[in-house]
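The structure appears below as C-alpha cells.
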Amino acid sequence: MTINGSAISSENMWSQSVDRSSNELSISGISATTLARDFGTPAFILDEADFRTRALAWNDSLQENFGDNAGTVYYAAKAFICTEVARWITDLGIGIDVCTSGELAVALAGGINPAKIEVHGNNKSVSEIERAVEVGVGTIVMDSMHEIERVAAAASKFGKVQRVYLRLTPGIQAHTHESISTAHEDVKFGFSIASGAAWTAIEAVRKLSSLELRGFHSHIGSQIFGVESFELAAQRLIGLLAKYRDAFGSELPELDLGGGYAIAYLPGEVTVAPADVIPALAKTVEAACVAANLAVPKISIEPGRAIVGPAMFTLYEVGTTKDVTLETGEIRKYISIDGGMSDNARPALYDAEYFAVLANRNSTSTNSNSRLVGKHCETGDIVISEIELPADIAPTDLIAVPATGAYGRSMASNYNHVPKPPVIAVKDGKARVIVRRETEADLLNLDI
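So the mapping is simple: my numbering equals the position in the sequence shown, first residue as 1, plus 350.
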C-alpha cells in the first residue's frame, strides 16, 4: 500500500495493522481522525497485537535455533515500559531487563516474575541493588568493581546467594552512532577483555561466597544492521569462557549476547528480523564452542527496540505552516506540530531520521520540500529536517510518524512545561488508554 506516494511495508516502519486502503491512515480499523478525536494529540499509538507478535517471533527463533541451550528473551524496559506492557510480557512468558529502581518498580507492578528480571546499569545505587536482591531478581549484571562489592554485601544482608553476570566490552566498534555504540574500549560500560579488567573482575567475584557467577553479558550498541558484529562479540566472549574453564576447571553455563537489532525508520530501510540474526548466531556459538571444546551455554538476547519500535507511531496535529525562502531561492515549507523534542528527543540527541505522512486524508497536491518542527522554544526542535510532503498541508491536518515505540515516550520530557502525551493501545478494533496524558496539574503537583 502507499501513503502520499510512499510505500509502506507492515514488516518495516509500521505495525502490521496499519492500513491506508481508505481515505486516511488507520490502525486495527480505527482511523487517525477517530483516534485524534477520542484521545487528542499528540499521542503514542501502540499496536498490542504487533508487539506480541514481534516478541513471540524473537522467543520462538531463540528456542528453535538453540533448543535446550535457549536462555531468555529479555525485553529492554528502557525502550518503553508501563504496567500494561509489563502485563503483556508476563503473558508472553519472556523476561525483562531493567536498569533503574523505577523500571524495576513498573516491572513488578505489572506482575513480572522477579526470576525473569535482569538488572542492568553502570551506576546502580546501594538502595537499587538491595531492592533487586530483596525481591529476588534472576540476575544482576555487574558493571564495576564497586558493584561487585555492593551486590555481595546486599546478598549477604538478605542471606542470599545472588546470581550475577559480568558485563564485558569485547572491543568491537559497532557501525552505529557514537552515543549508542557501547562495546569499544572508550565507554562507560563494562569490563574490558583486552585490558585484563574482565579477568580481574572474574577473580574478584570468585572470592565472594554470596555471589554466583553464571556467565558474561555483552551489548555492542543499538540500531545495528548485519550480524558480523554480534558474531565477533560471541566469539570473543566464548574465548573468555574457555580461558575461565582452563583456569578454574569448570564452565560457566550462560551467555547474554544483548541486543541492538536495527529497525526501519525510513522507506527502503530494513527491520532486522529474528531469522536475519538468530540462526547465524547459533552457528557461530556452536562452532566457537566446538573449537574450544566447550559445552554450548544457555544463550539469552535483549531485542527491546526490535519489539516495540515498529509497533508504535506518534499522531500529531498541525498547528501552523509557513513558507521560508532559503539562500538558494528554494522554498521550504515549515510544518509545526503540537509535539516535538519533548516527545521525540532522538533527532536532537543522535541525528536520528524519521518519516512522516499526512494521516487524515488523501492529497492530490504536489509534494513540497518540507521541514517538520515542534512547538518548543528551540531552533533545534526539529522532528524531520527534510521530507517531501503534500504542499496543501494546513492547520488541523494530522501527521503520523512511524517507528516511535522505542525511546519516544521513555525519553519524553516536560521541556517548556509541556505535559507528556498518552499511550493508546489498539487491538481488535478497540483503543484504550494505558498511560494517561499528563496535565498541568501533574506538573504543579511536584512544586512545593
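Glycine included, each C-beta is placed from N, C-alpha and C at the ideal position.
Between alanine 637 and glycine 509, the alpha-carbon positions lie close to 40 Å from each other.
When DSSP states are grouped into helix, strand and coil, isoleucine 462 belongs to the coil group. Annotated three-state conformation of asparagine 717 is strand, per DSSP. For methionine 492, the uninterrupted beta strand (DSSP E) run begins and ends at 489–492, by DSSP. Glutamate 667: not part of any alpha helix (DSSP H); member of the beta strand (DSSP E) spanning 662–675, first to last residue.
Close CB contacts of valine 640 within its chain, under the 6 Å cut and outside five residues either way in sequence, are absent. If you ignore the 5 residues before and after asparagine 472, its C-beta comes within less than 6 Å of the C-beta of Asp493, Lys538, Phe539, all in its own chain and listed in chain order.
Residue environment: serine 579 is assigned as buried (16 or more neighbouring CB atoms within 10 Å of its CB, all protein chains considered). Distance from the Cα of asparagine 712 is smallest, within the candidate group Thr391, Ala436, Ile628, Arg370, for Arg370. Isoleucine 628 has its alpha-carbon roughly 9 Å from the corresponding atom of isoleucine 651. For histidine 496, the enclosing alpha helix (DSSP H) covers residues 495–507. It is roughly 8 Å from the alpha-carbon of leucine 516 to the alpha-carbon of alanine 551.
The beta-bridge partner set that DSSP reports for glutamate 562 consists of Arg513. Take the alpha-carbon of glycine 689 and the one of glutamate 788: they are about 13 Å apart. Distance from the CA of histidine 496 to the CA of valine 423, rounded to the nearest whole angstrom, comes to 28 Å. Residue state for leucine 708 is assigned as strand, using DSSP reduced to three classes. Burial is judged here by how many other beta carbons sit within 10 angstroms of a residue's own beta carbon; leucine 587 has at least 16 and is buried. Ranking Thr670, Lys672, Thr671, Val622 by CA distance to the CA of glycine 654 puts Val622 first.
Threonine 422: member of the beta strand (DSSP E) spanning 420–426, first to last residue. Histidine 567 carries a strand assignment under DSSP once its states are collapsed to helix, strand and coil. Within 10 angstroms of the beta-carbon of cysteine 432 lie 16 or more other beta-carbons, which makes it buried. Isoleucine 649 is positioned such that its CB atom lies closer than 7 Å to that of glycine 421.
Between the beta-carbon of alanine 503 and that of valine 658 there is about 35 Å, and that puts the pair past the 8 Å contact cut. Remark: C-beta atoms of alanine 630 and alanine 382 do not approach each other more closely than 7 Å. Distances from the CA of phenylalanine 416 to each of Asp673, Ile681, Leu793, Ala625 were compared; the closest alpha carbon is that of Ala625. Proximity to phenylalanine 705 across Leu699, Ile732, Ser692 peaks at Ile732, based on C-alpha coordinates.
In terms of Cα proximity to arginine 513, the closest of Glu468, Gly379, Arg786 is Glu468.
Taken in chain order, the complete beta strand (DSSP E) segments of 3 or more residues contained in the segment 427–481 are 445–448, 467–469.
Minimum Cα-Cα distance from glutamate 736 among the listed residues Pro520, Ala505, Tyr684 corresponds to Tyr684.
With a minimum length of 3 residues, the unbroken runs of beta strand (DSSP E) contained wholly in the segment 750–781 fall at 773–777. In the DSSP assignment, arginine 682 is bridged to Val674.
The beta carbons of arginine 481 and glycine 460 sit no closer together than 7 Å.
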